[in-house]
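Trainee:
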Amino acid sequence: MKKLALVIGSLCMAASIAHAAQPLVDVEWVKENIGKPDVVFLDVRGGIAGKSKTDYLRAHIPGAVYTDYLKDGWRSKDATGTPGQLSPLPKLEALIGGLGIDNNSHVVIVPQGGKAVDVGTATRIYWTFKVLGHDNVSLLNGGMLAYTKDMDEKTKKPVNPLEKGAAKVAAKTFKADLQEDMLLSKDDVIAAQKAGTLVVDHRPNNQFLGINKHGKAKRSGTIPGAVNLPENWLTQNGGGSFREKSSLEKLYQASNVSTDVEQINFCNTGHWASLGWFASHEIMGNKGAKLYDGSMLEWAADSSLPMEQQVKLD
Numbered sequence: 661m662k663k664l665a666l667v668i669g670s671l672c673m674a675a676s677i678a679h680a681a682q683p684l685v686d687v688e689w690v691k692e693n694i695g696k697p698d699v700v701f702l703d704v705r706g707g708i709a710g711k712s713k714t715d716y717l718r719a720h721i722p723g724a725v726y727t728d729y730l731k732d733g734w735r736s737k738d739a740t741g742t743p744g745q746l747s748p749l750p751k752l753e754a755l756i757g758g759l760g761i762d763n764n765s766h767v768v769i770v771p772q773g774g775k776a777v778d779v780g781t782a783t784r785i786y787w788t789f790k791v792l793g794h795d796n797v798s799l800l801n802g803g804m805l806a807y808t809k810d811m812d813e814k815t816k817k818p819v820n821p822l823e824k825g826a827a828k829v830a831a832k833t834f835k836a837d838l839q840e841d842m843l844l845s846k847d848d849v850i851a852a853q854k855a856g857t858l859v860v861d862h863r864p865n866n867q868f869l870g871i872n873k874h875g876k877a878k879r880s881g882t883i884p885g886a887v888n889l890p891e892n893w894l895t896q897n898g899g900g901s902f903r904e905k906s907s908l909e910k911l912y913q914a915s916n917v918s919t920d921v922e923q924i925n926f927c928n929t930g931h932w933a934s935l936g937w938f939a940s941h942e943i944m945g946n947k948g949a950k951l952y953d954g955s956m957l958e959w960a961a962d963s964s965l966p967m968e969q970q971v972k973l974d
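Quick note on my numbering: the sequence shown kicks off at 661 and runs consecutively.
Right, here's the structure in full:
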């Protein structure tokens with residue numbers, strides 16, 4: 661019996677590994693998996709990409725469901741009033757279940773794929789699923805632009821299948837399994853900083869230097885000792901496709917960002933930083949990489965915390 665149990669256990673483990681979701685999928689994978697009942701394509705084109713639900717209704721991957729990143733409650737203000745934070749679990753469970761996603765679904769997030777900033781919508785939602793304990797999630801590299809790139813020479817229309825209108829969604833039950841070790845508080849960052857943990861600022865260089873700042877940030881500059889690696893460096897020409905792993909490794913080396921040590925990724929609200937976390941944790945396999953959700957809006961609001969401003973103009 662013990663031997664049989666071991667065999668069954670090994671087979672189950674092998675099946676689990678075989679079906680483990682890859683962080684990035686390509687257009688060919690998407691075409692092969694359209695219509696599969698356990699695969700949910702989550703179209704996240706919205707305001708950040710200069711798009712809206714209207715674009716989804718005009719054409720989307722067959723069966724894809726739509727969510728508005730900015731309006732549906734993926735992020736919200738926390739108890740201190742800091743915007744853009746992880747929403748309460750009951751709210752996220754209801755949101756995700758309402759999209760027809762349950763704990764057995766393989767979620768494939770589909771951004772517009774035009775610029776790094778809109779890919780950040782996908783990586784932030786991807787991170788949210790991981791925080792909620794749902795590992796069966798992927799991101800379409802290149803987004804809808806990659807999916808609709810190939811055109812029929814005669815009709816001048818995309819060759820890959822598209823669907824109009826809103827997909828019919830049957831609400832399901834989604835239960836979160838909060839991964840608390842993925843969440844960082846301000847105090848966690850303070851302690852990590854004192855311990856010499858690598859802190860990576862994924863904001864534009866002008867904000868890192870303190871020349872400009874987010875409209876809601878109380879102070880200019882960065883967390884002392886932080887290294888700057890702007891989010892739009894992580895994608896090819898700042899577009900909608902991530903750089904290859906080997907290219908990212910060269911980029912990180914050139915930016916003095918180690919890929920094999922504990923690392924805290926931050927920006928203003930945890931949006932840009934999610935690209936950095938995704939590149940480090942998911943593509944390059946640095947399991948010591950974490951995202952600081954509060955980021956600069958929380959840090960700069962606490963006047964007792966130090967800031968480093970390399971360029972002071974006022």
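Note that beta-carbon positions come from the ideal geometry of N, C-alpha and C, so glycine has one too.
How about residue 773 and residue 803: do their beta carbons lie closer than 8 angstroms?
Mentor: yes
Trainee: What distance in whole Å lies between the Cβ atoms of residue 888 and residue 920, which are believed to be in contact at a cut-off of 8 angstroms?
Mentor: About 20 angstroms separates the two Cβ atoms, so there is no contact after all.
Trainee: In the DSSP assignment, find the unbroken alpha helix (DSSP H) run with residue 850 in it and report its ends.
Mentor: 846-854
Trainee: Whose C-beta lies closer than 7 angstroms to the C-beta of residue 928 among residues of the same chain, with five residues either side of it excluded?
Mentor: Within the same chain, and ignoring the five residues on either side of residue 928 in sequence, the residues whose Cβ sits closer than 7 angstroms to its Cβ are 863, 874, 877, 955, 956 and 957.
Trainee: Run through the DSSP bridge pairs and tell me what residue 702 is partnered with.
Mentor: 725 and 769
Trainee: Assuming residue 781 contacts residue 721 (C-beta within less than 8 angstroms), just tell me the rounded distance between them.
Mentor: So it is not a contact: roughly 16 angstroms between Cβ atoms.
Trainee: Just to confirm my understanding: we take residue 811, look at its own chain, exclude 5 residues before and 5 after, and list those with CB closer than 8 angstroms. What are they?
Mentor: 817, 818 and 819
Trainee: Between the alpha carbons of residue 939 and residue 908, how many angstroms are there, rounded?
Mentor: 8 angstroms
Trainee: Pull up the CB-CB distance for residue 798 and residue 698, whole angstroms please, since I reckon it's below 8 angstroms.
Mentor: Residue 798 to residue 698, Cβ: 13 angstroms. No contact.
Trainee: Within a Cβ cutoff of 6 angstroms, which residues of the same chain sit near residue 792, ignoring the five residues on either side of it in sequence?
Mentor: 836, listed in sequence order.
Trainee: Per DSSP, residue 902 forms a beta bridge with which residues?
Mentor: 895
Trainee: In the DSSP assignment, what are the bridge partners of residue 859?
Mentor: 924
Trainee: Expressed to the nearest angstrom, what Euclidean distance is found between the alpha-carbon atoms of residue 890 and residue 933?
Mentor: 9 angstroms
Trainee: Alpha carbon to alpha carbon, how far is residue 852 from residue 967? Give it in angstroms, no decimals.
Mentor: Going by the C-alpha atoms only, they are around 16 angstroms apart.
Trainee: Report the three-state DSSP secondary structure of residue 842 (helix, strand or coil).
Mentor: helix
Trainee: Can you tell which of 700, 731 and 740 has the C-alpha that lies nearest to the C-alpha of residue 713?
Mentor: Closest option to residue 713, Cα to Cα, is 731.
Trainee: CB residue 724 to CB residue 701, shorter than 8 angstroms?
Mentor: yes
Trainee: Assuming residue 937 contacts residue 787 under a Cβ cut-off of 8 angstroms, what Cβ separation, rounded to an integer in Å, is found between them?
Mentor: 6 angstroms
Trainee: Helix or strand or just coil, what does DSSP make of residue 670?
Mentor: In this prediction, residue 670 has a pLDDT of 41, which is less than 50 and means its spatial position is unreliable; nothing more can be read from the coordinates.
Trainee: Considering residue 824, what are the terminal residues of the beta strand (DSSP E) in which it resides?
Mentor: No residue range can be given for residue 824, since it is assigned to no beta strand (DSSP E) and is classified by DSSP as neither H nor E.
Trainee: Which of the three DSSP states, helix, strand or coil, is assigned to residue 880?
Mentor: coil
Trainee: Assign residue 916 to one of three DSSP states: helix, strand, or coil.
Mentor: coil
Trainee: Can you give me the Cβ contacts of residue 952 inside the same chain, cut-off strictly under 6 angstroms, excluding the 5 residues immediately before and after it?
Mentor: Excluding its 5 nearest sequence neighbours in each direction, residue 952 has C-beta neighbours in its own chain below 6 angstroms: 844, 849, 924 and 926, listed in chain order.
Trainee: Kindly list the residues whose CB is nearer than 7 angstroms to the CB of residue 789, restricted to its own chain and excluding five residues on each side of it in sequence; keep chain order.
Mentor: Counting only Cβ-Cβ distances below 7 angstroms, and skipping sequence neighbours, we find 767 and 797.
Trainee: With a cut-off of 8 angstroms on the beta carbons, I'd call residue 1042 and residue 729 a contact; round off their distance for me.
Mentor: Outside the displayed span of the chain (661 to 974) sits residue 1042, for which this structure offers no information.
Trainee: Determine the burial state of residue 946: buried for a count of at least 16 other Cβ atoms within 10 Å of its Cβ, exposed for fewer.
Mentor: buried
Trainee: What's the gap between the Cα of residue 691 and the Cα of residue 682?
Mentor: Going from the Cα of residue 691 to the Cα of residue 682 covers about 16 angstroms.
Trainee: Using the three-state DSSP reduction, which class does residue 968 fall into: helix, strand or coil?
Mentor: strand
Trainee: Just mark residue 915 as buried or exposed, buried being the case when its beta carbon has 16 or more other beta carbons within 10 Å.
Mentor: exposed
Trainee: Counting C-beta neighbours from all protein chains within 10 Å, is the total for residue 680 16 or more, i.e. buried, or is it exposed?
Mentor: exposed
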